[in-house]
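Engineer:
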Amino acid sequence: MKVLTTDWDSSKAQLSFVRKQVFIIEQGIDERDEWDNLDEDAVHFVSFGTTAVPTGVCRLTPEGQVGRLSVLPAYRSQGYATMLLRKAIQVAREMDLKRIFLHAQTESQVFYERHGFKTDGKIFLESGILHVLMERDI
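Plus 53 on top of the position in the sequence shown (first one is 1) and you've got this note's numbering.
Right under this line is the structure:
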């Protein structure tokens, strides 16, 4: 298992593949909501198992927003999401960010809490899915 740090131009095919499978097909998010102008400037992360097929992805914006963390169904509960999040936190530290934040789907809130994120508990709707704002000091 490994996580590579990359950019949108270098890994667009792998990043798009995972996000399309998870967010657009599985969760029914509209493509207009999934593809935004944040990808170009973000640092991206791609996880792999024993093959060249990506297992998951994540991104970190220059403003410190962690987002689009997703793992393909066949690879869930195997540590890929944790690896991706830890890598994003490490890179945020290297970027000298003092705080990072994310919009967590409410069903994933406990996962992020285990990694030091906190929330004010206010739930909001984003792309038709309930989310909470979560933050973590670096």
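Positions of the beta carbon are idealized from the N, C-alpha and C atoms, including for glycine.
Note that the structure is a prediction, hence the values are computed from the model and not measured.
Should F177 go down as buried or exposed, given a rule of 16 or more other Cβ atoms within 10 Å for buried?
Structural biologist: Exposed, since its Cβ has fewer than 16 Cβ neighbours within 10 Å.
Engineer: Let me make sure I understand the geometry here. Which of V75, D60 and D92 has the alpha-carbon closest to that of R129?
Structural biologist: Nearest of V75, D60 and D92 to R129, Cα basis: V75.
Engineer: Would you mind working out which of A95, D86, E84 and F101 sits nearest Q67, comparing C-alpha positions?
Structural biologist: Minimum Cα distance to Q67 is reached at F101.
Engineer: Whose C-alpha, out of A127, T172 and R139, is nearest the C-alpha of V71?
Structural biologist: Looking at the Cα atoms, A127 is the closest of the given residues.
Engineer: For my contact list, L113 and V119 are in at a C-beta cut-off of 8 Å; report their separation, rounded to the angstrom.
Structural biologist: Right, their Cβ atoms sit about 6 Å apart.
Engineer: Mapping the DSSP letters down to three states, classify M54 as helix, strand or coil.
Structural biologist: In this structure, M54 counts as coil in the three-state DSSP scheme.
Engineer: Helix, strand or coil for Q118? Go by DSSP, reduced to three states.
Structural biologist: DSSP places Q118 in strand when its eight states are reduced to three.
Engineer: Please confirm whether H184 has its beta-carbon closer than 8 Å to some beta-carbon of chain B.
Structural biologist: The question asks about chain B, but that chain is absent: this structure has only one protein chain.
Engineer: If you check the beta carbons only, do M187 and M54 fall under 8 Å apart?
Structural biologist: Against a cut-off of 8 Å, the Cβ pair of M54 and M187 comes out as no contact.
Engineer: So is T104 buried or exposed if we call it buried at 16+ other beta carbons inside 10 Å?
Structural biologist: Label assigned to T104: exposed.
Engineer: Going by DSSP, what residues sit across from F101 in a beta bridge?
Structural biologist: Answer is K55 and P107.
Engineer: Does DSSP put S123 in a helix, in a strand, or in coil?
Structural biologist: Note: S123 maps to strand in three-state DSSP.
Engineer: So I78 packs on E84, CB below 8 Å; how close in whole Å?
Structural biologist: With 8 Å as the limit, I78 and E84 do not qualify as a contact, their Cβ atoms being about 10 Å apart.
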